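Engineer: Following this message is one structure expressed as structure tokens.
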Amino acid sequence: MSNHRKHYLETNNNPLSHSSDYEKNIYKRLKRLLTKSLKLSGDFWNWPLAGYLTIPSMRRLMHINYIYDLQLNNAGSIMEFGVHFGSTLIQLVNMRSIKEPYNYSRHVYGFDTFSGFESTSSRDATAKEGDFFISDDYELLLSELCDLHESLAPKSHIKKYSIIRGDASSTLNKLLEERKDIIVSLAIFDMDLYKPTKEVLSLLIPRLHKGSVLVFDELNCPQYPGETEAL
Numbered sequence: 028m029s030n031h032r033k034h035y036l037e038t039n040n041n042p043l044s045h046s047s048d049y050e051k052n053i054y055k056r057l058k059r060l061l062t063k064s065l066k067l068s069g070d071f072w073n074w075p076l077a078g079y080l081t082i083p084s085m086r087r088l089m090h091i092n093y094i095y096d097l098q099l100n101n102a103g104s105i106m107e108f109g110v111h112f113g114s115t116l117i118q119l120v121n122m123r124s125i126k127e128p129y130n131y132s133r134h135v136y137g138f139d140t141f142s143g144f145e146s147t148s149s150r151d152a153t154a155k156e157g158d159f160f161i162s163d164d165y166e167l168l169l170s171e172l173c174d175l176h177e178s179l180a181p182k183s184h185i186k187k188y189s190i191i192r193g194d195a196s197s198t199l200n201k202l203l204e205e206r207k208d209i210i211v212s213l214a215i216f217d218m219d220l221y222k223p224t225k226e227v228l229s230l231l232i233p234r235l236h237k238g239s240v241l242v243f244d245e246l247n248c249p250q251y252p253g254e255t256e257a258l
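Under the numbering used here, read the sequence shown as residues 28 to 258, first letter to last.
Below you can see the structure in the form of structure tokens.
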């Protein structure tokens, strides 16, 4: 583990740092039980998984479901900026498969550097370049995971998601230049930083329409003031 990675895990930038010592201990115990359940369940490994979702995880699922429904009757693609582990991205892919399985025009895009934060500035408080980095090959793991989920859905021969690596300010601009047809029904901003949030929002505005939904994950958040300032 790199020194920076270790530092990140031990600071307030780590989401788990807001948990009490008691809660952290509970999470460790849940992880141990999950590992045991996965070994015992064999080919039915997916059956016990839901029993290990914590209250915050279930609440997040409910929020994503609510957000998805807000844009359900509006045309357009879904974009998430800053996918990290990809949990929200996969939830969006699966919700599309459940709620509108034959709407293959509802493409889900996930944008991420896959190298952690880039272009941090004084507007971003204590955020450091490299924060939220997972591994060099995580993009490949996430792509395979999305492929497997989509292969279980209707119209699985039509790819209905894209993972786009790089600075979203540049990669989104390139995508929109190539695809003049794209409009956006839902955009989730989870980049935390001032510069990419400001630039991506500016690029997106011409592709929004009445009914488009914008979600900002760190709005009014003292740890990441840059996202609010970008508005």
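The C-beta atom is built at its ideal place from N, Cα and C for all residues, glycine as well. For clarity, every value in this text was computed on a predicted model and none was experimentally measured.
(1) Here's the rule: buried if 16 or more other CB atoms are within 10 angstroms of the residue's CB, otherwise exposed. What is His-45?
(2) So does the segment 100-108 actually touch the segment 129-136, counting three or more Cβ pairs closer than 8 Å?
(3) Measuring only the C-alpha atoms, how far is Lys-55 from Asp-48?
(4) Using CA atoms only, rank isn't needed, just tell me which of Phe-243, Leu-60, Tyr-165 and Ser-196 is closest to Gly-78.
(5) Report yes if the CB atom of Leu-213 is closer than 7 Å to the CB atom of Val-240, and no otherwise.
(6) Determine which residues share a DSSP beta bridge with Ala-214 and list them.
(7) Identify whether Ser-189 lies in helix, strand or coil by the three-state DSSP scheme.
(8) Asn-234 and Ile-215: beta carbons closer than 7 Å?
(9) To which residues of the same chain is His-34 closer than 7 Å at the C-beta, ignoring the five residues directly before and after it?
(10) Do you know offhand how far Cys-248's Cα is from Met-218's?
(11) Is the segment 175-182 touching the segment 150-161, taking contact as three or more C-beta pairs under 8 Å?
(12) Among residues of its own chain, excluding the 5 on either side of Pro-128, which ones have a beta-carbon nearer than 6 Å to its beta-carbon?
(13) Taking its Cβ as the centre, do 16 or more other Cβ atoms sit within 10 Å of Ser-124, making it buried, or is it exposed?
(14) Quick check: the Cα distance between Asp-287 and Val-227, rounded to an integer number of angstroms?
(15) Given a cut-off of 7 Å on the beta-carbon distance, is the pair Ser-189 and Tyr-136 in contact?
(16) Classify Leu-43: buried if its beta carbon has 16 or more other beta carbons within 10 angstroms, exposed otherwise.
(17) Under a three-way DSSP split, which group does Asp-219 fall into?
(18) What residues match up with Tyr-136 in a beta bridge as DSSP calls it?
(19) In chain order, what residues of the same chain have a beta carbon less than 6 Å from the beta carbon of Asn-39, not counting five sequence neighbours either side?
(20) Let me know if Phe-144 comes out buried or exposed under the rule of 16 or more other beta-carbons within 10 Å of its beta-carbon.
Structural biologist: Judging by the given coordinates:
(1) Burial is judged here by how many other beta carbons sit within 10 angstroms of a residue's own beta carbon; His-45 has fewer than 16 and is exposed.
(2) With a cut-off of 8 Å, the segment 129-136 and the segment 100-108 count as touching, because enough Cβ pairs lie within range.
(3) Here the alpha carbons of Asp-48 and Lys-55 stand approximately 11 Å from one another.
(4) Considering only alpha carbons, the answer is Leu-60.
(5) Against a cut-off of 7 Å, the Cβ pair of Val-240 and Leu-213 comes out as a contact.
(6) Beta-bridge partners of Ala-214 (DSSP): Met-106 and Leu-241.
(7) DSSP, read as helix, strand or coil, puts Ser-189 in strand.
(8) For the record, residue 234 in the displayed sequence is Arg; it is not Asn. No, these two residues do not count as a Cβ contact at 7 Å.
(9) In this prediction, His-34 has a pLDDT of 46, which is less than 50 and means its spatial position is unreliable; nothing more can be read from the coordinates.
(10) Spanning the alpha carbons of Cys-248 and Met-218 requires a straight line of approximately 13 Å.
(11) Cβ pair count under 8 Å is below three, so no.
(12) If we look at Pro-128 and ignore the five residues flanking it on each side, its Cβ neighbours are Pro-181.
(13) So Ser-124 ends up on the buried side.
(14) Past the boundaries of the shown model lies residue 287; the chain is included only from 28 to 258, so the question cannot be answered.
(15) In contact: Ser-189 and Tyr-136 (Cβ atoms closer than 7 Å).
(16) Residue confidence is low: Leu-43 scores 47 on pLDDT, short of 50, so the model does not pin down where it sits. No coordinate-derived value is stated.
(17) Under the three-state reduction of DSSP, Asp-219 is assigned to coil, being neither helix nor strand.
(18) Paired residue(s): Met-106 and Ser-189.
(19) A caution first: Asn-39 carries a pLDDT of 47, below 50, which makes its placement in the model too unreliable to give a value.
(20) Buried: at least 16 other Cβ atoms inside 10 Å.
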